[in-house]
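Everything on this sheet refers to the single structure shown next.
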Amino acid sequence: MLGYILRRLLQTIPVMLVVAIFIFLMLRLTPSDPAAIIAGDNANAEQVAQIRSQLGLDQPMLQQFVIWIGKVARGDLGESFFFKKTVAALVGERIEPTLSLAFFTIVIAVLIAVPLGVLAAQRQDTWIDRLVMGFSVLGFSLPVFVIGYLLIYVFAIWLNWLPVQGYQHISEGVLGWAQRLILPSMTLSVIYIALIARMTRASVLEVLSEDYIRTARAKGQIERKVLFRHALRNAAVPIVTVIGLGIALLIGGVVVTESLFTIPGLGRLTVDAVLARDYPTIQAVILLFSFVYVMINLAVDLIYTLLDPRIRY
Amino acid sequence: MIELRKAILAAACAAGLSLVATPSFSQTTLKAVMHSDLKILDPIWTTAYIVRNHGYMIYDTLLAQDEKGAIKPQMVDKYDVSADGKTYTFTLRDGLLWHDGKPVTSEDCVASIKRWSARDSMGQKMMSFVESMTPGDARTFTIQLKEPTGLVLLGLSKPSSNVPFMMPKRVAETDPTKQIEDFTGSGPFVFARDEWKPGDKTVYVKFDKYKPRPEPASGLAGGKVAKVDRVEWLAVSDQQQAVNALQKGEIDFLEQPSIDLLGTLKKDPNITIVESQQLKAQYVFRPNHLHKPFDNPKIRQALWYAFNQEDFLMATVGESAYIKECKALFICGSTFGSTKGTEDVLTSNVKKAQELLKEAGYDGTPVVLMHSTDLKALTNLAPVAKSLMEKAGFKVDMQSMDWQTLVARRAKKDPPNAGGWNAFLTSWVTADVMNPVSTAYLNSSCDKALFGWPCDETMEKLRDQFARESDPAKQKAIAEAVQARNMEITAEIPVGEYLQPVAMRKNVTGLLTAPAPVLWNIEITK
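So the sequence lines, in the order shown, correspond to chains A and B. For the first sequence, my numbering begins at 1 and goes up steadily by one. For the second sequence, my numbering begins at 1001 and goes up steadily by one.
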């Protein structure tokens, strides 16, 4: 097992290198100029050229890449063009809100979606099944921002229960932190509830037709135990895969949700950096997201071994 | 399991209680959403308006313009001009302090003017008249000119980017091409650098030792009294969310509410909409003089007859209460604003435009019109221009892109079919286009001009004449001549003005009528 983990970790190096080359080239080939943006509307060509030179953007592309990748290899992600802060510091400031949002979202999604999926499977072809699947289709179809506005209107403006926007750091109070995360997490979790519930239903349905389920029922096992101890456990591998994929997909979701709810997380940082063409920040955040994606895949593969003893690496 | 249920119930009750709990504050905090997030902190290094607004929070100026545009002393106690108009002597007010507690000196001011003038176009022009700047005693300095000019007072009271903010000598000696890293000012608020989180919030706290002028605040002049203890600029990027937050009382001040959301805000009894005539902007069409077809002045002139302002304004702003059809290059109602000679243009006289194109021998070369799609205030301008130009007989190739791509592309001198361009539209806040020297697009010095690169000796001579003149009546006559010349060479075409209202909670009062949204004098009542 250790050898497998080590091999997988080593495999991340070429993956990250490819991502680094791709993102570097993509940014440099996009028709934009951070120096012109920084200089502002009144700046003349000479002033823009001065800024370009200060940022090192007048050097040949290969040279820029070698300098950047060399720094990254030494753990230096560089300095933001705009914020006059190191990218590491910027990312460090933004990790907590994003992790908090992701954590709340996944917890809400799993707690709601798995029971719903199991229920839909158990009551196949009844109105409950159709309701759950109908919700699932709706969850897939509605854009995140529409869900967000609906929830804001109901819970923040109409009922006046929750704040409209903003984030409170956990160090400033756990309740305030949780209070400000409810709406964004609910917004973001809808699509994952739809995804996980659908997958849970399909997997449990498949398992429910197995002989050992019939045997369990024949032995007088109560239905709840049949479902959760026997069926769900054996249906867990595809569900865990979907949850893992969901966490990876969250990266895209947080970009919209953080912008909508004014949460100063990595998603918002990405949007701001892209709009400002802040190359060092974009490069670092994409690298980080890619690394997280690879690690989640590894974690999911390792969890398989816990859920299914037949799987060995 | 039962224990777990109890724990969950307890947590839910606690969360519920927290929802109704109201935090108490011992100090007054103004929570504002500005038009953009603050990312750069040096108002001399960049011309971005949000950085200018940041500058007004923490720095002070030697002179300032009141709400009528009159130039008044600000940090300066008094200034004297010699009889020959070549020597300006400034005396600073007593008791001015930097945020670190040290006194403001004349050496600080001389260094600050030098750094500002190295970056700002009006400052550069002013410095071409300056022979020397000499600190006298700690509170006095002299500007010696080679020849008289009205630009000293006009420049040092410049209300918009780049504003000549005063900084301590050690900061002002920073290379003008590099950003400052010390944000010590002498203005009414202190920048709380530790609390600055780009993408989240920017915080300012009241500078207790600031000594305001005794006169009442007026425009950017008079007593800058900080009436709140703390100001927080929150980075809310979504307009609907900013409006929701204002209605709920989560914020107090919204600098630029979207015009289409004003209806909602006007219905709310807790919200005030402030319409200041000084917070106006002007839309302009900018042709590129380097390439066909706009390298031909007659073809550029056809644009004046193809366009009308109403179509542009209704397509972008859409509310008649917030638009103004105004053909004056230097803004209707301002000191140099005049509509003289503009009667026949900007009326969509298609026949006249077609005649001019025929006379000019327009061969159907497509006009590459850059269309910015991500800034709401600009998005509909290019489609309107395209439609009006096509009616007049132009062939238009409108290319859509985000604003930052447009900003990068407009700097390219390449031909349009090799990544260059022929035209684009943008807007200026009126404070930037109040006279022939500050209006950046009128710079017609060929390669040294801004993108679009107009090249006209007559225009440059007129702008120089304006700079030399200090008599307001003669300055006005020169400004009118500049406007007439612009209609001949078409450095730019004004396609309408619009008003940008501010939205505030009803308990927020004291917003000044000024060309930049300044937050001193603002009070929050219970």
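Backbone N, C-alpha and C define an ideal beta-carbon position, used for all residues, glycine too. As the structure is a prediction and not an experimental result, all values here were calculated from the model.
Under 8 Å by beta carbon: chain C residues contacting residue 1250 of chain B: Within the model displayed, chain C is absent; protein chains A and B are what it includes.
So, are the CB atoms of residue 1289 of chain B and residue 1454 of chain B less than 7 Å apart? Yes. Within cutoff.
Cβ neighbours of residue 303 of chain A in the same chain (closer than 6 Å, five flanking residues each side left out): Around residue 303 of chain A, the same chain offers 240 as residues with beta carbons nearer than 6 Å, after the five sequence neighbours per side are excluded.
Mind checking whether the beta-carbon of residue 150 of chain A lies closer than 6 Å to any heavy atom of the ligand ATP? Questions concerning the ligand ATP fall outside what the structure shown contains, since it holds no ligand whatsoever.
Check this for me: beta carbons of residue 1283 of chain B and residue 1495 of chain B, under 7 Å apart or not? Cβ distance < 7 Å, so residue 1283 of chain B and residue 1495 of chain B count as in contact.
Does the separation of the CB atoms of residue 1422 of chain B and residue 1367 of chain B fall below 7 Å? In terms of Cβ geometry, residue 1422 of chain B and residue 1367 of chain B form a close pair [threshold 7 Å].
Over what stretch of residues does the alpha helix (DSSP H) that includes residue 1126 of chain B continue unbroken? For residue 1126 of chain B, the enclosing alpha helix (DSSP H) stretches over residues 1121-1127.
Counting pairs of Cβ atoms below 8 Å between the segment 1484-1498 of chain B and the segment 1507-1514 of chain B, do you hit three or more? Taking 8 Å as the limit for Cβ pairs, the verdict is that the segment 1507-1514 of chain B does not touch the segment 1484-1498 of chain B.
Around the Cβ of residue 74 of chain A, are there at least 16 other Cβ atoms within 10 angstroms (buried) or fewer (exposed)? Exposed: under 16 other Cβ atoms inside 10 Å.
Taking the alpha carbon of residue 1101 of chain B as the point to measure from, which residue in B:1207, B:1119, B:1464 and B:1263 has its own alpha carbon closest? Looking at the Cα atoms, B:1207 is the closest of the given residues.
In or out: residue 26 of chain A buried (at least 16 other Cβ within 10 Å) or exposed? When all chains shown are included, residue 26 of chain A counts as exposed.
Which of helix, strand or coil does DSSP assign to residue 1035 of chain B? Residue state, collapsed to three classes: coil.
Specify the secondary structure class of residue 92 of chain A as computed by DSSP and reduced to three states. Three-state DSSP puts residue 92 of chain A in a helix.
Local Cβ density within 10 Å of residue 124 of chain A, reported as buried at 16 or more and exposed below that: Residue 124 of chain A comes out exposed.
Since residue 1227 of chain B and residue 1521 of chain B should fall inside the 8 Å C-beta cutoff, what is the C-beta to C-beta distance between them, to a whole number of angstroms? Rounded, the Cβ-Cβ distance is 6 Å, consistent with contact.
Using the beta-carbon count (16 or more within 10 Å), is residue 1080 of chain B buried or exposed? So residue 1080 of chain B ends up on the exposed side.
Considering Cα atoms alone, identify which of B:1247, B:1042 and B:1173 is closest to residue 1272 of chain B. That would be B:1247, whose Cα lies nearest to the Cα of residue 1272 of chain B.
Residues in the segment 1042-1066 of chain B with C-beta within 7 Å of chain A's C-beta atoms, listed in sequence order? For the segment 1042-1066 of chain B, the residues whose beta carbon sits under 7 Å from a beta carbon of chain A are, in order, 1046, 1047 and 1048.
Alpha carbon to alpha carbon, how far is residue 20 of chain A from residue 1002 of chain B? Give it in angstroms, no decimals. Confidence in residue 1002 of chain B is poor, its pLDDT being 42 and thus under 50, which makes the residue's placement unreliable; the coordinate value appears in the next sentence. Roughly 51 Å between the two C-alpha positions.
Roughly how many angstroms lie between the CA atoms of residue 109 of chain A and residue 184 of chain A, to the nearest whole one? Rounded to whole angstroms, the gap between the alpha carbons of residue 109 of chain A and residue 184 of chain A is 13 Å.
Quick one: complete beta strand (DSSP E) runs, 3+ long, within the segment 1197-1224 of chain B? You should have 1201-1206.
Can you tell which of B:1337, B:1357 and B:1256 has the C-alpha that lies nearest to the C-alpha of residue 1036 of chain B? If we check each option's Cα against that of residue 1036 of chain B, B:1256 comes out closest.
Kindly indicate if chain B contains any beta-carbon less than 7 Å away from that of residue 36 of chain A. Judged by the 7 Å Cβ criterion, residue 36 of chain A is in contact with chain B.
Using a Cβ-Cβ distance cut-off of 7 Å, determine whether residue 82 of chain A contacts chain B. By the rule that beta-carbons nearer than 7 Å mark a contact, residue 82 of chain A touches chain B.
Residue interval of the beta strand (DSSP E) (run including residue 1441 of chain B): No beta strand (DSSP E) contains residue 1441 of chain B, which DSSP labels as neither H nor E.
Tell whether a beta-carbon distance below 7 Å holds between residue 1219 of chain B and residue 1067 of chain B. Inclusion of residue 1219 of chain B and residue 1067 of chain B in the CB contact set at 7 Å is warranted, their separation being smaller than that value.
Interface partners of residue 1178 of chain B on chain A, CB under 8 Å: Close to residue 1178 of chain B, with beta-carbon spacing below 8 Å, are these residues of chain A in chain order: 54.
Of the listed residues B:1160, B:1253 and B:1094, nearest to residue 1029 of chain B (C-alpha basis): Closest option to residue 1029 of chain B, Cα to Cα, is B:1253.
Given a cut-off of 7 Å, decide if residue 1372 of chain B and residue 1406 of chain B are closer than it, judged by their beta-carbon atoms. Closer than 7 Å, so yes.
Suppose the cutoff is 7 Å on Cβ atoms and the five residues either side in sequence are ignored; what does the same chain contact list for residue 1050 of chain B look like? Taking residue 1050 of chain B as the centre and dropping the five residues before and after it, the same chain places the C-beta of 1034, 1035, 1036 and 1038 closer than 7 Å to its C-beta, in chain order.
Residue 1378 of chain B versus residue 1425 of chain B: straight-line alpha-carbon distance, rounded: Straight-line measurement puts the Cα of residue 1425 of chain B at about 7 Å from the Cα of residue 1378 of chain B.
Pick from A:168, A:187, A:188 and A:189 that is closest to residue 179 of chain A, judged by C-alpha positions: Out of A:168, A:187, A:188 and A:189, A:168 has the C-alpha closest to the C-alpha of residue 179 of chain A.
Quick one: residues in its chain with C-beta nearer than 7 Å to the C-beta of residue 28 of chain A, no 5 flanking neighbours on either side, listed in chain order? Result list for residue 28 of chain A: 61, in chain order.
Just the chain B side, please: which residues come within less than 7 Å of residue 50 of chain A by C-beta, in chain order? One finds 1177 in chain B with Cβ atoms closer than 7 Å to the Cβ of residue 50 of chain A, taken in chain order.
Going along the chain, which residues of its own chain have a beta-carbon closer than 7 Å to the beta-carbon of residue 1235 of chain B, five neighbours each way excluded? 1037, 1199, 1200 and 1201, listed in sequence order.
Output the residue ranges of the beta strand (DSSP E) runs that lie fully inside the segment 1135-1186 of chain B and measure 3 residues or longer, sorted by chain position. DSSP runs (the beta strand (DSSP E)) wholly in the segment 1135-1186 of chain B: 1140-1145.
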